[in-house]
Amino acid sequence: MESTTHQAIKGCWRITASCRSEKDKFRELKKSLGVNARNRNTMVDCFTAAVKRGYAIATVCYGEVFPYNQEGFRKSIFSLFYDDLRPASEVSLTEIKSGHRRHIGAIGAWAWGYSRIADALEKLPL
């Protein structure tokens, strides 16, 4: 059994996990971060408190880098770099046999996108 306590900003969120499964840990985390809170301003209050203490906060939705659905490749950042944006399900067996391979996907896009965001944030003046 794992036991973890983390309090980032007093009164905003507190993660107290004494859970047996990953699913329980996720539920506890969601609950502690205010995702299920009745007050919709909970997260805004937390972010405001963090900024007042001198922390910077940046958020990004994974779907802005690579939407996780059938059309994800066509609507992703890869549309900037590649002409063939067909999902793998649309590539014919003949093309696959002739060597058509795509060595990139959602996880690669997310990693690349988040690293580029981190690079951009590092260049911002303090």
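First residue of the sequence shown: 221, per the working numbering; consecutive thereafter. C-beta: ideal position from N, C-alpha, C; glycine also.
Query: Within 8 Å, do at least three Cβ pairs link the stretch 270-279 to the stretch 291-306?; Result: no
Query: In whole angstroms, what separates the C-alpha of Val271 from that of Leu344?; Result: 16 Å
Query: Using alpha carbons as the reference points, say which of Ala326, Ser318, Ser335, Thr314 lies closest to Phe286.; Result: Ala326
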